[in-house]
Structures are given as structure tokens and as C-alpha cells.
Amino acid sequence: MAGRPGKLVLENGQIFTGEAFGAEGEVDGEVCFNTSMTGYQEILTDPSYTGQIVTMTYPLIGNYGINPEDVESRGLFLKGFVVREL
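Counting in this note's numbering, the sequence shown runs without a single skipped number right up to 101 at its last residue.
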């Protein structure tokens with residue numbers, strides 16, 4: 016499945032292009048990173064990431080599905096989720 020064209024534009028003008036997935040639109044937020052190999056479900060639902068664009072450093076995200084018992088909250092709080100491979 017090919018995604019839509021997407022861009023990550025940093026404050027210093029550096030631009031990273033790729034494929035977008037999920038909701039359409041533009042967002043702004045603080046870019047941060049997470050080095051976890053697992054736990055992406057917890058990251059997506061963790062209120063401590065409110066307003067942030069989270070970049071995952073591990074290249075494979077979504078390869079083991081989700082578990083309803085692993086959510087941190089009932090919603091998503093981050094502004095964006097950057098992955099290498101979904």
C-alpha cells in the first residue's frame with residue numbers, strides 16, 4: 016500500500032520527504048524520538064507525548080499488532096508518528 020506524499024519540515028528549514036499515513040492535514044509540534052523496539056501501542060496512547068511528533072528509531076513498527084490491555088489511555092495524544100517501515 017503506497018501512502019500519500021508527506022513531509023517533515025524542521026524549524027531550521029531541513030525537509031524530510033516520505034509517505035504519509037493516517038489522518039490528512041498539517042500539524043506542528045516538538046519532534047522527539049523513542050528508541051524502544053516494542054511498545055509502540057503504549058507510546059501512541061501515552062499522555063506524556065501530548066503535542067509531540069514522535070520519531071521511532073527502530074525500523075519496524077506494527078509488526079506484532081495491538082493488545083487492548085497495553086493501552087495507556089483511551090485516546091491518542093501525540094501530533095505525529097514518524098516511522099521507517101509500517
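Glycine included, C-beta positions come from ideal geometry on N, C-alpha and C. Bear in mind that the values here come from a model prediction, so they are computed numbers and not experimental data.
Cβ pair residue 55, residue 90 closer than 8 Å: No, Cβ-Cβ distance for residue 55 and residue 90 is not below 8 Å.
Cβ shell of residue 45 (< 8 Å), same chain only, five flanking positions each side left out: Excluding positions up to five away in sequence, the list reads 66, 67 and 68.
Spatial distance of residue 34 from residue 87 (CA atoms): Near 27 Å, if we compare the C-alpha coordinates of residue 87 and residue 34.
Buried or exposed by the 16-neighbour rule on C-beta atoms within 10 Å, applied to residue 71: Buried: at least 16 other Cβ atoms inside 10 Å.
Where the beta strand (DSSP E) through residue 67 begins and ends: Going by DSSP, residue 67 is part of the beta strand (DSSP E) stretching over 67-71.
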